[in-house]
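Right, one structure below, let's go through it.
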């Protein structure tokens with residue numbers, strides 16, 4: 001498990017490109033027949049990837065978390081971005097096709113991941129936060145998720161947002177998770193930018209061509225930096241940072257938040273003239 005510590009925004013101002021990438025970019029999440037994990041000290045969020053091909057993968061790393069099992073004091077969101085796969089939760093099977101979401105609450109002991117077809121394996125994106133209360137395991141297929149259309153062609157940000165885990169959707173202790181799909185010829189996300197000082201956020205960029213890139217913008221509004229992101233790479237975004245991006249082509253991203261507040265309205269907009 002890769003451990004990422006918190007970065008002071010004042011220290012961040014002196015970071016080189018390589019230091020910014022080392023602190024906030026997760027470059028390799030999806031590896032065949034293994035679970036890849038990154039533990040962020042921002043709100044104790046754990047970000048992972050599972051690609052079961054020849055074998056079943058089991059949710060573990062309890063030795064690093066110092067608990068008897070992974071979800072003893074945690075909850076987790078699972079979103080499939082690959083071929084059809086199955087998640088077994090204490091023996092109960094949930095089949096996920098591409099873009100389906102599964103929430104698993106605190107206290108579930110045995111979680112396993114399988115692919116239906118080894119030639120087109122599932123690619124499970126995993127996001128876990130600490131939890132003090134248990135909520136029921138629940139699946140939300142992409143076919144049943146309610147789409148919200150936003151943006152304009154003039155602003156190059158026509159997009160569809162799906163909210164999976166939130167106050168009016170799948171219930172959780174503190175996780176909020178959703179997905180944004182940009183339309184062809186639209187490249188901007190989350191601009192004008194905003195901050196939410198009581199919640200951190202993580203982005204997974206995917207459905208990108210191998211040659212495509214996203215320029216992810218981060219930092220305090222008056223001290224921004226960028227990270228160049230490839231397909232299926234993730235970004236850790238601190239509470240003090242904006243989180244926006246523009247691609248060389250359209251793309252899809254999963255956003256996940258954890259922290260003190262559990263509402264989408266807890267954000268501070270950043271005027272365009274404040275960005276430097």
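In full-length UniProt numbering, the protein residues as written are 1 to 276.
For every residue, glycine included, the Cβ atom is placed at its ideal position computed from N, Cα and C.
All values reported here derive from a predicted model rather than from experimental measurement.
Do residue j and residue i have their beta-carbon atoms positioned less than 8 Å apart in this structure?
i           : j           : result
residue 135 : residue 112 : no
residue 100 : residue 142 : yes
residue 24  : residue 236 : yes
residue 85  : residue 52  : yes
residue 57  : residue 125 : no
residue 247 : residue 217 : no
residue 277 : residue 263 : The structure shown does not extend to residue 277, since the chain spans only 1 to 276, so no value can be given for it.
residue 176 : residue 45  : no
residue 163 : residue 178 : yes
residue 4   : residue 40  : yes
residue 103 : residue 145 : no
residue 48  : residue 71  : no
Closest to residue i by CA distance: which of the options is it?
i           : options               : result
residue 89  : 105, 74, 97 and 82    : 105
residue 82  : 189, 58, 123 and 2    : 123
residue 228 : 222, 27 and 12        : 27
residue 195 : 130, 268 and 161      : 268
residue 186 : 252, 179, 145 and 220 : 252
residue 9   : 259, 73 and 242       : 242
residue 137 : 120, 94 and 14        : 94
residue 115 : 1, 34 and 71          : 34
residue 154 : 67, 161, 129 and 183  : 183
residue 161 : 127, 173 and 181      : 181
residue 55  : 37, 121 and 96        : 121
Report the partner residues of residue i according to the DSSP bridge assignment.
i           : result
residue 130 : 74
residue 202 : 236 and 256
residue 320 : Since the first residue of the chain shown is 1 and the last is 276, residue 320 is not available in this structure.
residue 88  : 93 and 112
residue 101 : 79 and 140
residue 177 : 165 and 256
Determine the DSSP secondary structure at residue i, reduced to helix, strand or coil.
i           : result
residue 197 : coil
residue 22  : helix
residue 300 : The shown model of the chain, from 1 to 276, leaves out residue 300, and the question about it has no answer.
residue 6   : coil
residue 263 : coil
residue 273 : helix
residue 283 : Since the first residue shown for the chain is 1 and the last is 276, residue 283 is missing from the structure and cannot be characterised.
residue 244 : strand
Would you grab the beta carbon distance between residue i and residue j for me? Rounded to a whole angstrom, and I think it's under 8 Å.
i           : j           : result
residue 215 : residue 226 : 5 Å
residue 189 : residue 213 : About 14 Å separates the two Cβ atoms, so there is no contact after all.
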